[in-house]
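Heads up: the sequence shown runs through residues 453 to 865, numbered per my numbering.
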Amino acid sequence: MPRPLMTLSFVLGAIPAISMLPIPSSAIAQMQISPQAALERLFTTPQLQAEWFAPAMLNQFPLSQAQQLIAEMQADFGAYQEVQPSGELYLVLFERGRVAAQITLNSRGQIAGLFFQPAPMAISLDEAIEQLQAFPGEVNFLVLEDQSELAALNADNPLAVGSTFKLAVLAALRQQIESDQRSWGDVVELRPEWKSLPSGFLHTWPDGTQLTLETLATLMISMSDNTATDALIHVLGRASIEAYTLRNRPFLTTREFFILKAPQNISVLERYRSLSSLQGRQQILDEIASYPLPDVGAASSTHEGQSQEQLTASEIGYFFTPHELCALMAQVADLPLMGVNPAPGVVNAEDWARVAFKGGSIPGVLNLTHQLEAESGKTYCVSMTWNHSEAPLDEMRLSTLYGAVIKGLSNNP
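Listed below in structure tokens is the structure:
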């Protein structure tokens, strides 16, 4: 949904504009830049340039935030030294540490995807809980080993989890496939009313494009594609997903979520929030079905004195406990599509026989959830959520702690 994590993983498809004008020499040089050189430039140039980034990325992650992120890394880890290739990733070396990085360039040489994650150091579960308790706002945390609780903090307290709700959509899809109502190869045509805002790229594809349910599910999980998600919600039926999460009724599509949060729809949002009946809220969702999507920028604007952090950490969204997320993850973790994006940098997939991941990040909300299978046969579920309505989240702080928990588990499989 609410996009994949920015400091953890931010991936946007950027479609280059077509122009018949001559291409300036600076643009030609931009198109020829390598991913490693583009990454090095972020740390060796005093001031970042907007032209280095795809427009769609800047809509979600302004240049000032990118500049701040680079400065924070140098403050935390010391002077920049160099960038080294490391398999599919890069390692950014600093005086006092290193950060895993992944970068994607579009056809114009602009940054369309960017990922930073400090290399995790192992931490004990008790230490993790102690650190989490110092976080502002609300947190919850759970570690299971073969369904037995190893560590827990507020594990029965539901919090907003952003795109991790998509595990419930996948669970409902799998149930319908296993009951012979559908098959992975079923083909649907992309419809305009299914289209949402990024993350993802299907909203840019033509109406009528034919897509299998397996393709939609893979994009929903690996890229957190919101249009793929809404397509599946419409195909499966809202009620089939609500069966997995009675708390989240009516179960919003991401399109409905964005429309309700749009500044121009404040009166509709207030009416929705004032209603406690399922029928009343459903009537409002029926009403807004014809509303246009807000601009991408509206998703990060304020709402008459309420920040997006306050809005998305309120009752508008998707709320789960860690126990519920681990239960959903257990139902889908063995699907091959769950390993397409294992959250590299947060977890070293080579430490595990199988890795399944889903996370979610929207203003004021961050969740990370993994199921990990060790070579010994042990299975772990790790879920960590942070909600804070008063200030932007330090995503790297949580993700570093989370990665340290997983590193500790991998050291004692």
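Note that beta-carbon positions come from the ideal geometry of N, C-alpha and C, so glycine has one too.
For Glu-641, DSSP records a beta bridge to Gln-662. Comparing alpha-carbon positions, the option among Ala-680, Gln-662, Asp-659 and Ala-669 lying closest to Phe-653 turns out to be Ala-680. Beta bridge pairing from DSSP links Cys-833 with Leu-596 and Gln-823.
Only exposed fits Asn-864, as fewer than 16 other CB atoms lie within 10 angstroms of its CB.
Between Pro-702 and Gln-731, the C-beta spacing is not below 7 Å. Annotated three-state conformation of Gly-791 is helix, per DSSP.
Distance between His-840 and Asp-632, taken at the CA atoms: about 42 Å. Between Pro-796 and Leu-861, the alpha-carbon positions lie close to 16 Å from each other. Here Arg-725 has no same chain residue with a Cβ atom under 6 Å from its own Cβ, once five neighbours each way along the sequence are excluded.
Within the same chain, Cβ atoms closer than 6 Å to the Cβ of Tyr-854 are found at Leu-820 and Met-836, the five residues on either side in sequence being excluded.
Rounded to whole angstroms, the gap between the alpha carbons of Leu-780 and Trp-804 is 20 Å. Setting aside the 5 residues that flank it on each side, Gln-783 is surrounded in the same chain by Ala-623, each with a C-beta closer than 6 Å to its C-beta; the list follows chain order.
Scanning Leu-543, Gln-569, Gly-812 and Gln-554 for the CA closest to the CA of Val-798 turns up Gln-569. In the structure shown, Gly-769 adopts coil according to DSSP, grouped into three states. The Cβ neighbour count for Glu-776, taken over all protein chains shown within 10 Å, is at least 16; the residue is labelled buried.
Between the beta-carbon of Gly-816 and that of Leu-845 there is about 7 Å, and that keeps the pair under the 8 Å contact cut.
Just measuring C-alpha positions, the residue of Gln-520, Phe-513, Met-525 and Val-544 sitting nearest Ala-489 is Val-544.
Secondary structure of Gln-554 (DSSP, three-state): strand. Remark: three or more beta-carbon pairs, one from each stretch, lie closer than 8 Å, so the region 614–628 and the region 670–685 are flagged as touching. Here Tyr-696 carries a coil assignment [DSSP, helix/strand/coil]. Rounded to whole angstroms, the gap between the alpha carbons of Gly-561 and Ile-485 is 6 Å. Across the set Trp-504, Ala-801 and Arg-849, the C-alpha of Ala-801 shows the shortest separation from the C-alpha of Glu-540. The secondary-structure analysis by DSSP pairs Ser-538 across a beta bridge with Leu-541. Per DSSP, reduced to three states, the secondary structure at Val-798 is coil, with no helix or strand assignment.
Per DSSP, Ile-485 is not a residue of any beta strand (DSSP E), being assigned neither H nor E. Pairing Ile-563 with Glu-503, the inter-Cα distance amounts to about 9 Å. Of the other Cβ atoms in all chains shown, 16 or more fall within 10 Å of the Cβ of Pro-794; this residue is therefore buried. Taking C-alpha positions only, Pro-644 is separated from Glu-739 by approximately 17 Å.
Membership of Gly-811 in any alpha helix (DSSP H) is not indicated; the residue belongs instead to the beta strand (DSSP E) covering 806–814. Here Gly-614 carries a helix assignment [DSSP, helix/strand/coil]. DSSP places Gly-855 inside the alpha helix (DSSP H), whose first and last residues are 847–863.
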